[in-house]
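Asks: Read in the numbering used here, the sequence shown has 141 at position 138, and its numbers run on one by one without any break.
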Amino acid sequence: MGNVVTLDVGSDGILVATMNLPGRPMNVVGDELMAGIAEAMARLADPAVQGLVLTSGKADFCAGGDLDRMSKWSTPEEPFEMSMAMKRVLRQLETQGKPAVAALNGHALGGGLEIALAFHARFAIDDPRLKIGQPEVKLGLLPGGGGTVRLPRLVGIQQALQICAEGNDLTPQKALAMGLLAGLAKDRDDLMAQAKAWIVAHPKAQQPWDAPKFRFPGGDSRAPAVAQMFSIAPSIAAQKSWGNYPAVQHIMSSIFEGGLLDFEAACVVESRYFAACVMSQESKNIINTLWYQLNAIKKGASRPAGVPPSKVKKLGILGAGMMGAGIAYVSAKAGIDVVLLDTSQEAADKGKAYSQGLLDKAVKKGRSTAEKRDALLAKITPTTDYAKLDGCDLVIEAVFEDRAIKADVTKKAEAVIAPQAVFASNTSTLPITGLAQASARPKHFIGLHFFSPVDKMPLVEIIVGKDTGDETLARGFDYVLQIGKTPIVVNDSRGFYTSRVFGTYVMEGIAMLKEGVHPRSIEVAGLQAGMPMPPLALQDEVSLSLGLHVADQTKKDLAAEGKAYTEHPGMSVVRQLCEIGRIGKKAGKGFYDWADGDKQLWPELTKLYPVAAHQPGQRELIDRLMFAQANEAARCFEEKVLRSVADANVGSIFGWGFAPFHGGALQFINAMGAKAFVQRARELAAKHGPRFEPAAVVVRQAETGGRFIDG
Ligand code: NAD
Numbered sequence: 004m005g006n007v008v009t010l011d012v013g014s015d016g017i018l019v020a021t022m023n024l025p026g027r028p029m030n031v032v033g034d035e036l037m038a039g040i041a042e043a044m045a046r047l048a049d050p051a052v053q054g055l056v057l058t059s060g061k062a063d064f065c066a067g068g069d070l071d072r073m074s075k076w077s078t079p080e081e082p083f084e085m086s087m088a089m090k091r092v093l094r095q096l097e098t099q100g101k102p103a104v105a106a107l108n109g110h111a112l113g114g115g116l117e118i119a120l121a122f123h124a125r126f127a128i129d130d131p132r133l134k135i136g137q138p139e140v141k142l143g144l145l146p147g148g149g150g151t152v153r154l155p156r157l158v159g160i161q162q163a164l165q166i167c168a169e170g171n172d173l174t175p176q177k178a179l180a181m182g183l184l185a186g187l188a189k190d191r192d193d194l195m196a197q198a199k200a201w202i203v204a205h206p207k208a209q210q211p212w213d214a215p216k217f218r219f220p221g222g223d224s225r226a227p228a229v230a231q232m233f234s235i236a237p238s239i240a241a242q243k244s245w246g247n248y249p250a251v252q253h254i255m256s257s258i259f260e261g262g263l264l265d266f267e268a269a270c271v272v273e274s275r276y277f278a279a280c281v282m283s284q285e286s287k288n289i290i291n292t293l294w295y296q297l298n299a300i301k302k303g304a305s306r307p308a309g310v311p312p313s314k315v316k317k318l319g320i321l322g323a324g325m326m327g328a329g330i331a332y333v334s335a336k337a338g339i340d341v342v343l344l345d346t347s348q349e350a351a352d353k354g355k356a357y358s359q360g361l362l363d364k365a366v367k368k369g370r371s372t373a374e375k376r377d378a379l380l381a382k383i384t385p386t387t388d389y390a391k392l393d394g395c396d397l398v399i400e401a402v403f404e405d406r407a408i409k410a411d412v413t414k415k416a417e418a419v420i421a422p423q424a425v426f427a428s429n430t431s432t433l434p435i436t437g438l439a440q441a442s443a444r445p446k447h448f449i450g451l452h453f454f455s456p457v458d459k460m461p462l463v464e465i466i467v468g469k470d471t472g473d474e475t476l477a478r479g480f481d482y483v484l485q486i487g488k489t490p491i492v493v494n495d496s497r498g499f500y501t502s503r504v505f506g507t508y509v510m511e512g513i514a515m516l517k518e519g520v521h522p523r524s525i526e527v528a529g530l531q532a533g534m535p536m537p538p539l540a541l542q543d544e545v546s547l548s549l550g551l552h553v554a555d556q557t558k559k560d561l562a563a564e565g566k567a568y569t570e571h572p573g574m575s576v577v578r579q580l581c582e583i584g585r586i587g588k589k590a591g592k593g594f595y596d597w598a599d600g601d602k603q604l605w606p607e608l609t610k611l612y613p614v615a616a617h618q619p620g621q622r623e624l625i626d627r628l629m630f631a632q633a634n635e636a637a638r639c640f641e642e643k644v645l646r647s648v649a650d651a652n653v654g655s656i657f658g659w660g661f662a663p664f665h666g667g668a669l670q671f672i673n674a675m676g677a678k679a680f681v682q683r684a685r686e687l688a689a690k691h692g693p694r695f696e697p698a699a700v701v702v703r704q705a706e707t708g709g710r711f712i713d714g
């Protein structure tokens, strides 16, 4: 145990305990670390020891709880006991009489911050990149190591609620301003010096909440202002989360109830809520996907092994429109030299100006400096000259969605770039294998499907064409990571994965309208289901004319291939609205009337699609919206458009905002169980049509007890 937390008593009589969990890149809270801290505390009994400074031997102080251990718990007693055991050590530490100071040399997050809160004072290095916070809520959890008990007593209930229920990090400066830190240090040496000086100056340390006349800063839960806040905070939270995130409610309850109780009782209440969060299906779903599967993706689970890692130094972008301009920005930001090409210098310059706009805003808000902005802009060369593409490791085309134009620019670029350079298309609908026919070297041709707006959306869908080589895929994958985005890898097929499944969500909403469901009920169902935007509003954003164009193109392509085309029942509505010019937000009118950044459901909509006398319940609508997506994702899995469960789940959340608390489109089925899914899908199919017939892969799972899992 000795090497988990090393102990060192200096000639000044101060014990320095350094956390350094072996074999891990970061310190994480678990039995080993807590035993090390307990051991450090035991040394304080030595009369020669004046006090304790806890710091870390790693870049971070402590990054949070050990999720691997959490995933093994199967009864609420286990998390309850673990959380109480941690708090017993920390409680003893803060009441043993001698001063103890936490020296935050790096991130103090989750359990890491909770440990620091049990120290009598905290100092941190004054680095804006250093993160302090309780992000547990983002994984559907609650700080179970005393965070919801100590924070309200230290910085007040309101600020504690924000820190715990929103989960956003604080910078050291902010933490200092709210009284969470005692001071800031220049560097590690200064940090240790200040921590030790505090110990010398406070030989008898006690926590504020152990002083006889302790009062919560800003009042406890009984104080009028706090009570008033608690009367509205749950409804504000529910308005945002539609009750889909129990952790938020549990955090509020723990802080509220803890604000009526003494310290010890509040600790027990917190542990009960912690256990409830750990046991919730929501946290299991989120941790499954946004922790394990996301980490697996980032570690390269979908990247061909054996290809050496690569980096793009020079990137060519063809088409400086909305997408090209965004791709140029994120790439230059990652330090890549970018050649941004369009048909006129004016258009190319306009593409570069997009970066200028974003950067000017960042400088104005103090998030960047003029030097950094200028350095980034210097990396983007706007041009019309193909010769400038010479030396590019990667070229991405983002010209109009037109096969002939795409073929033309592919040929022109390939005439200049090296034979082994990768050529990528950002097409949103055209199959990659077909586009690669214009290429002289289809092995080096790939799809890199970005999402709009490129600077905000975290996902890139990589599409592997029939002839795409492993090395090309690996290099595309490396580039996506290089620009700080998350890659998923899918096989070539109409609509790829994301557009195809996303489409089922909006089209289901539109089909409901046609059946006479009140448009407002449809929109509310989308939000209740946990989707970021309701279906009709979303179709307006994407534009109805684009939806129609894609459908018509698909029909034509399938006819050419001699295949049958089944139109979604919602498509006739899209066609009808397009015919009367209601093509979506860009025209100011679609399902909504859009004006001045505001929108209102078009009042005539219910005349065109009269509201039926019998209205289905919201549960039915929510199920239709979610089953349509999950079932289509399962079909993509079965057809091998999807290559992994992780890609399916992460892609659905990052690509089109599939309700994160379900853990993604396939985890939705896993969590429910294949049997229950098949049963409900068949009910929906009987009522609403064969599109709900459960995918064969799920039917097989229901029969054999299988689930979606990566090999
Ligand atoms: P856009 O119309 O904003 O930009 C296209 C740009 O390409 C224009 O600046 C145009 O001048 C330029 N261009 C046209 N022909 C050219 C040529 N021969 N040589 C060089 N430049 C040429 O379109 P966009 O929204 O940026 O879309 C570009 C591509 O990205 C399309 O294939 C589209 O399907 C795809 N895409 C779009 C989105 C989206 O949300 N808009 C999302 C993913 C993918």
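Built from N, CA and C at the ideal position, the CB exists for glycine as well.
Please read these numbers as outputs of a predicted model, since none were measured by experiment.
Heavy atom of the ligand NAD less than 8 angstroms from the Cβ of Gly354, yes or no?
Replies: yes
Asks: Could you give the residue range of the alpha helix (DSSP H) that holds Val271?
Replies: Phe266 to Met282
Asks: Assign Pro461 to buried or exposed, taking buried as 16 or more other Cβ atoms, counted over all protein chains shown, within 10 Å of its Cβ.
Replies: exposed
Asks: How far does the alpha helix (DSSP H) with Trp201 in it reach, from first residue to last?
Replies: Arg191 to Ala204
Asks: Roughly how many angstroms separate the alpha carbons of Pro102 and Ala48, rounded to a whole number?
Replies: 12 angstroms
Asks: Taking the beta carbon of Gln603 as the centre, do at least 16 other beta carbons fall within 10 Å, making it buried, or is it exposed?
Replies: exposed
Asks: How many angstroms separate the CA atom of Asp69 from the CA atom of Leu361?
Replies: Leu361 has its alpha-carbon roughly 38 angstroms from the corresponding atom of Asp69.
Asks: Under the rule that 16 or more other beta-carbon atoms within 10 Å means buried, what is Glu526, buried or exposed?
Replies: buried
Asks: Kindly indicate the opening and closing residues of the beta strand (DSSP E) around Ser428.
Replies: Val425 to Ser428
Asks: Between the alpha carbons of Gln165 and Ala236, how many angstroms are there, rounded?
Replies: 11 angstroms
Asks: Under 9 angstroms, do Ala228 and Gly222 count as touching if we go by C-beta distance?
Replies: yes
Asks: Between the Cα of Ser334 and the Cα atoms of Val509, Gly667 and Asp481, which residue gives the shortest distance?
Replies: Asp481
Asks: Residues in its own chain within less than 7 angstroms of Met326 by CB, not counting five upstream and five downstream?
Replies: Ala401, Asn429, Phe453, Ser455 and Val457
Asks: Under 9 angstroms between C-beta atoms, does Ile254 make it to chain D?
Replies: The chain labelled as chain D is not found in the depicted structure, where only one protein chain is given.
Asks: What do you reckon, are the CB atoms on Lys61 and Pro28 nearer than 9 angstroms?
Replies: yes
Asks: My assumption, with CB atoms under 8 angstroms, is that Leu24 sits in contact with Ala43. Please give the rounded CB distance.
Replies: In this structure, Leu24 and Ala43 do not form a Cβ contact; the two beta carbons are roughly 14 angstroms apart against a cut-off of 8 angstroms.
Asks: Should the region 250 to 260 be called in touch with the region 139 to 153, which here means at least 3 C-beta pairs below 8 angstroms?
Replies: yes
Asks: For the ligand NAD, is there a heavy atom less than 8 angstroms away from the beta-carbon of Leu344?
Replies: Answer for Leu344: yes, Cβ within range of the ligand NAD.
Asks: Verify the contact flag: Asn429, CB atom, against every heavy atom of the ligand NAD, threshold strictly below 8 angstroms.
Replies: yes
Asks: For Val520, which residues in the same chain have their Cβ closer than 8 angstroms to its Cβ, ignoring the five residues on either side in sequence?
Replies: Val614, Ala615, Gln618, Pro619 and Leu624
Asks: Give me the Cα-Cα distance between Glu97 and Ser74, rounded to the nearest whole angstrom.
Replies: 30 angstroms
Asks: I'd like the span of the beta strand (DSSP E) that includes Asn673, first residue to last.
Replies: Taken as a continuous stretch (DSSP letters only), Asn673 belongs to no beta strand (DSSP E), being part of the alpha helix (DSSP H) at Gln670 to Met675.
Asks: Measure the alpha-carbon distance for Arg710 versus Leu183 and round it to whole angstroms.
Replies: 46 angstroms
Asks: Leaving out the 5 sequence neighbours to the left and right, which residues in its chain are closer than 7 angstroms to Met675 when beta-carbon positions are compared?
Replies: Excluding residues within five positions, none has a Cβ falling inside 7 angstroms.
Asks: Out of curiosity, what's the CA-to-CA distance linking Met22 and Leu293?
Replies: Cα-Cα distance, rounded: 27 angstroms.
Asks: Spatial neighbours of Gly5 within its chain, please: CB distance less than 6 angstroms, with the 5 preceding and 5 following residues excluded, ordered by chain position.
Replies: In this predicted model, Gly5 has a pLDDT of only 48, less than 50, meaning its place in the structure is not dependable; the value taken from the coordinates is given anyway. Excluding residues within five positions, none has a Cβ falling inside 6 angstroms.
Asks: Whose C-alpha, out of Ala477, Met510, Leu173 and Ala562, is nearest the C-alpha of Val545?
Replies: Met510
Asks: Taking the alpha helix (DSSP H) that Asn652 falls in, what are its first and last residues?
Replies: Val648 to Trp659
Asks: Buried or exposed: Pro155, going by 16 or more other Cβ atoms within 10 Å of its Cβ?
Replies: buried
Asks: By DSSP, does Arg125 sit in helix, in strand, or in coil?
Replies: strand
Asks: Is any heavy atom of the ligand NAD found at a distance shorter than 8 angstroms from the C-beta of His452?
Replies: yes
Asks: Assign Phe217 to buried or exposed, taking buried as 16 or more other Cβ atoms, counted over all protein chains shown, within 10 Å of its Cβ.
Replies: exposed
Asks: Should Arg191 go down as buried or exposed, given a rule of 16 or more other Cβ atoms within 10 Å for buried?
Replies: Around the C-beta of Arg191, fewer than 16 other C-beta atoms lie within 10 Å, and the residue is accordingly described as exposed.
Asks: Going along the chain, which unbroken runs of the alpha helix (DSSP H) with 4 or more residues stay wholly within the region 307 to 346?
Replies: When DSSP assignments are scanned along the region 307 to 346, the uninterrupted stretches of alpha helix (DSSP H) that are 4 or more residues long and fall wholly within it turn out to be 325 to 336.
Asks: In terms of residues, what are the limits of the alpha helix (DSSP H) holding Asn634?
Replies: Gln621 to Glu641
Asks: So what's Lys101 in DSSP terms, helix, strand or just coil?
Replies: coil
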